[in-house]
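Enquirer:
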Amino acid sequence: MSAPLILLLMTFLFLFFGYMGVPVAFSLLAGVIVGTMFTDVSLAAIVQKMFDGMDSEALLAIPFFLLVGELMSSANVVVRVANLSMALVGHIRGGLSQVVTVFSMFFSEMSGSTTADVAVISRALSGPMKREGYNPPFIAAIIAAASTIAALVPPSITAVVYGAVGNVSIAGLFMAGIVPGLMIGFGLMIYCYFFGPAGLRRPRAPLRTVAMAAKDASLPLMIPIILLGGILTGWFTPTEAGVVAAIWIIAVIIPALNRKHLAMLPYDFCIAGLIFSLPLITIGAANAFGWMLAYLRGAIVIAGWITSIAGNDPHLIMLLLVLLFTIIGDFIEPVPTIIIFMPLVMALTQAGDINSVHMGVVLIATLAFGLITPPYGLVLLMASKFVGVRFSQALRAALPIYAVFLATIIFTIYFPSVVLWLPKQVIPESVGCFKSPSGAGYICPK
Amino acid sequence: MSLAEKLVLRRQRHLKWPALDRLETILMVMCGIALFGFSTSVAFDILTRTIGHPWLWLQEVTSAFFIYGIFTGAAVATRRNDHLYLTAVAEAMHGRSRLAVEVMVRVVTLSVALCLIYFGYINFLRGFSSFRMPSMTPIASLYVAIPISGALIALFTIEQLVNGCKNGFEHAEEPDAESMLKPLDLPAPQERQS
């Protein structure tokens, strides 16, 4: 059987089994196992590739970020952050929908996980929004859209995976993700202000109330400072920053704010221990799938198609990749997508002479968008389940919000100088800059 | 409710043998121990490097806990149906078509699990010729997690297959009682905005 046919068979089996209800990790492996039978690769080598995909030091950060998110939500500490969001923007037109967006911008910087974000926000705010008369499909749509910010801003787990698999600076991806993350956040606030439901009017919170809410939330809000500060000063790797943040929660936040919850810590560890294995086993399986794709020269073939249309034009290459990832992201989750298609992305990054951090942020933003598009918008699916509306209704309510994401993605493609400005200032080496031989400042590629 | 009882999922009881509840508890506790273990070893790694006396073997301990945690979690998630799914078309089906799809899902999972057992075992045997630095422990000590996890996945899949065929896969579920986060107490709004 020819290589393209084997690839088609593998892809078909993965999607078919996946959509029938086989777990993603097993459907990926099933596709690879069947495909391998038509090649001279041994199945023991495939199991080995699966193992190699997980055995990466950079991926160690994932459990810690998930642990931080789990501890924050199960100890009920995030309510303080939600109260601060309410004090800051609860009075603006759109009311609770503005609160959802700002709360997500805060919480994303603690959890790094879109699914953790959507679960926490739905539980905390969907009830009050329903009681205040917001349309349930709109509630699901705005919660889902806001939750995708977690895929972009630090400590994004998607960025960790992209960095680990593509050998790209994770700190650089974190920094570069801030601008598109804020663009989506503020874009959603602007959308809610002009086009969303008006909501109920609250008085503007007095400065004293805002100060009190900020004081209440100060301990949880230290987490982004620990994570970012530790990584940017070079004190910690992302993994170590995650450990320090987890220690901060266990040793300081929970004893100070919810001492009773200390007894629940063993339970939290067991649950977080289970949760972290789920993306990682999927990463292992996707690594085996991606290896077969590369072995059968699939990445080179697709890269050839794209460069035959785009030549070496970096913008066109990125636009075509965005189109491809939008289609793929409609069917597959971001983490396996990144791992499977990384050989293709690396080939095209080289062909277009594109900065690897820039390419990473563009693709992560695209995959974040894929989380709210049909037929498999995971985050929108979760939000509609939590809010209790049909997916199709939530989807209709989310359609106008797509404009915010498309504008952000296009901006990110065409204005790399803005997106990469922050990493260039803070960690110049992460975006390919090197120290000037004269010793003064850095020399950066254009 | 004790911690052990809380760790066993109450969903889809019709697909489970109560005798395996204890195994689920043990595996959940092992997930917690693995996470706690590598959190502690990474913390000590930072500490010992900061004071200028790094313990190099800590990184081996960390990766061992990490790998065991992943494979233990993957196994127990099979019993709890906690894996990541693209979608569950079967849930919208009824009758024979539902039975056929549910059986197919388990057969595919079982086949993958059997591959993990057999080819994982081959890798385990080969792992005795490669060593982890600096302790020179054979890498087989990590590879052994693959066939064990495969065996557990196979066991839990057979459990669901047998019980599903006997009791049916369709069952009314009580809603998840997982939400520990209280909804917000919001200040009273004044009027609807125009």
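Same order as they appear, the protein sequences are chains D and B.
Note that this note's numbering numbers the first sequence so that position 406 is 391, with each residue one more than the last.
Here this note's numbering runs 583 ahead of the position in the second sequence, where the first position is 1.
Just so you know, even glycine gets a beta-carbon here, dropped at the ideal spot from N, CA and C.
Which residues, in chain order, does the stretch 242 to 257 of chain D contribute to contact with chain B at a C-beta distance below 7 Å?
Expert: So the close ones are Pro251, Tyr252, Phe254, Cys255, Ala257.
Enquirer: Rounded to whole angstroms, what's the CA-CA distance from Ile169(D) to Phe390(D)? Just pull it up for me.
Expert: If you take the alpha carbons of Ile169(D) and Phe390(D), they lie about 6 Å apart.
Enquirer: Would Val659(B) and Leu259(D) be called neighbours here (beta carbons separated by less than 8 Å)?
Expert: Yes; because the gap between Cβ atoms is below 8 Å, this pair is in contact.
Enquirer: Could you list which residues in chain D have their beta carbon closer than 8 Å to that of Asn706(B), in chain order?
Expert: Ala29, Val32, Gln33, Phe36, listed in chain order.
Enquirer: Determine, using beta carbons only, whether Leu173(D) and Thr267(D) come nearer to each other than 8 Å.
Expert: No, Cβ-Cβ distance for Leu173(D) and Thr267(D) is not below 8 Å.
Enquirer: Starting from the N-terminal side, write out each stretch of the alpha helix (DSSP H) that is 4 residues or longer and does not extend beyond the stretch 231 to 307 of chain D.
Expert: If we require 4 residues or more, the alpha helix (DSSP H) runs fully inside the stretch 231 to 307 of chain D come out as 239 to 242, 250 to 280, 283 to 295.
Enquirer: Rounded to whole angstroms, what is the Cα-Cα separation between Met676(B) and Thr358(D)?
Expert: Between Met676(B) and Thr358(D), the C-alpha separation is close to 24 Å.
Enquirer: Which partner residues does Tyr4(D) have in the DSSP bridge list?
Expert: The partner list for Tyr4(D) (beta bridge, DSSP) is empty, contrary to what the question assumes.
Enquirer: Evaluate the contact criterion for the stretch 140 to 159 of chain D versus the stretch 414 to 422 of chain D: three or more CB pairs, one atom per stretch, below 8 Å.
Expert: Counting Cβ pairs under 8 Å, three or more are found: they touch.
Enquirer: Between the C-alpha atoms of Ser777(B) and Pro319(D), what's the straight-line distance to the nearest angstrom?
Expert: Annotation note: pLDDT 48 at Ser777(B) (below 50); position unreliable, coordinate value reported separately. Taking the straight line joining both Cα atoms gives about 40 Å.
Enquirer: Report the rounded CA-to-CA distance for Ala760(B) versus Lys409(D), giving the unit in angstroms.
Expert: Low per-residue confidence applies at Ala760(B): pLDDT is 44, beneath 50, and the placement is therefore not dependable, though the value from the model is reported in the following sentence. Rounded to the nearest angstrom, the two C-alpha atoms are 47 Å apart.
Enquirer: Alpha carbons only, please: which of Met303(D), Phe261(D), Trp276(D) is nearest the one belonging to Asp665(B)?
Expert: Ranking Met303(D), Phe261(D), Trp276(D) by Cα distance to Asp665(B) puts Phe261(D) first.
Enquirer: If you compare alpha carbons, which of Glu55(D), Phe88(D), Gly162(D) is closest to Arg65(D)?
Expert: Nearest C-alpha to Arg65(D): Phe88(D).
Enquirer: Are the stretch 112 to 126 of chain D and the stretch 138 to 152 of chain D in contact at 8 Å, needing three or more beta carbon pairs?
Expert: They do not touch, by the three-pair rule.
Enquirer: Does any C-beta atom of chain D lie closer than 8 Å to the C-beta of Val727(B)?
Expert: Taking Cβ atoms only, chain D never reaches closer than 8 Å to Val727(B), which makes this a no.
Enquirer: Determine, using beta carbons only, whether Leu263(D) comes closer than 8 Å to chain B.
Expert: Closer than 8 Å to some Cβ of chain B, the Cβ of Leu263(D) qualifies, so yes.
Enquirer: If you follow the alpha helix (DSSP H) that Tyr701(B) is in, where does it begin and where does it stop?
Expert: Here the alpha helix (DSSP H) through Tyr701(B) covers 678 to 709.
Enquirer: Would a check of beta-carbon distances place Phe714(B) closer than 8 Å to chain D?
Expert: Judged by the 8 Å Cβ criterion, Phe714(B) is not in contact with chain D.
Enquirer: Note down, in chain order, each residue of its chain lying with its Cβ closer than 8 Å to the Cβ of Pro188(D), except the 5 sequence neighbours on either side.
Expert: Result list for Pro188(D): His76, in chain order.
Enquirer: For Pro121(D), tell me which candidate among Phe371(D), Ile256(D), Ala30(D) has the shortest Cα-Cα distance.
Expert: Of Phe371(D), Ile256(D), Ala30(D), the residue nearest in Cα terms is Phe371(D).
Enquirer: Please report whether the beta-carbon of Gly3(D) lies at a distance below 8 Å from any beta-carbon of chain B.
Expert: Closer than 8 Å: yes.
Enquirer: I think Leu699(B) touches Ile729(B), with their Cβ atoms under 8 Å apart; what is that distance to the nearest whole Å?
Expert: About 6 Å separates the two Cβ atoms, so the contact holds.
Enquirer: Could you please give the first and the last residue of the uninterrupted alpha helix (DSSP H) stretch that includes Tyr37(D)?
Expert: For clarity, residue 37(D) is Asp in the given sequence; the question names Tyr instead. Looking at the DSSP string, the run of the alpha helix (DSSP H) that includes Asp37(D) is 28 to 39.
Enquirer: Determine which residues share a DSSP beta bridge with Arg715(B) and list them.
Expert: Answer is Thr720(B), bridged to Arg715(B).
Enquirer: Less than 6 Å between C-beta atoms, sequence neighbours within five positions excluded: which residues of the same chain meet that for Ser341(D)?
Expert: Answer for Ser341(D): Val153, Thr334, listed in chain order.
Enquirer: Considering only C-alpha positions, which residue in the set Leu28(D), Val19(D), Pro328(D) is nearest to Leu(-10)(D)?
Expert: For the residues Leu28(D), Val19(D), Pro328(D), the minimum Cα distance to Leu(-10)(D) belongs to Val19(D).
Enquirer: If the cut-off is 8 Å on Cβ atoms, which residues from the stretch 263 to 280 of chain D count as contacting chain B, listed in chain order?
Expert: Listed in sequence order: Leu263, Pro264, Leu265, Ile266, Thr267, Gly269.
Enquirer: Below 8 Å, can you find three or more Cβ-Cβ pairs linking the stretch 621 to 633 of chain B to the stretch 277 to 291 of chain D?
Expert: Segments in contact, no.
Enquirer: Closer than 7 Å by C-beta to Ile211(D): which residues in its own chain qualify, once you throw out the five before and the five after it? Chain order, please.
Expert: Same-chain partners within the cutoff: Ala226, Val229, Ala230, Trp233.
Enquirer: Quick one: list the residues of chain D neighbouring Gly635(B), beta-carbon separation under 7 Å, in chain order.
Expert: Those do not exist, as Gly635(B) stays about 15 Å from chain D at its closest Cβ, beyond 7 Å.
Enquirer: What are the start and end residues of each continuous alpha helix (DSSP H) run of 4 or more residues lying completely inside the stretch 157 to 205 of chain D, in chain order?
Expert: Runs of the alpha helix (DSSP H) inside the stretch 157 to 205 of chain D: 192 to 201.
Enquirer: How many whole angstroms separate the CB atoms of Met95(D) and Met57(D), which I take to be in contact at a CB cut-off of 8 Å?
Expert: The Cβ separation is near 6 Å, so the contact holds.
Enquirer: Output needed for Thr224(D): all residues of its chain with C-beta closer than 6 Å, excluding positions within five of it in sequence on either side, in chain order.
Expert: Taken in chain order, the residues that qualify are Leu45, Ala46.
Enquirer: So what does Lys420(D) bridge to, in DSSP terms?
Expert: Answer is Tyr427(D), bridged to Lys420(D).
Enquirer: Taking the C-alpha atoms as reference points, what is the distance between Ile208(D) and Val103(D)?
Expert: Rounded to whole angstroms, Ile208(D) to Val103(D) spans 19 Å at the Cα level.
Enquirer: How is the alpha helix (DSSP H) around Ile323(D) delimited, first residue to last?
Expert: Residues 319 to 336.
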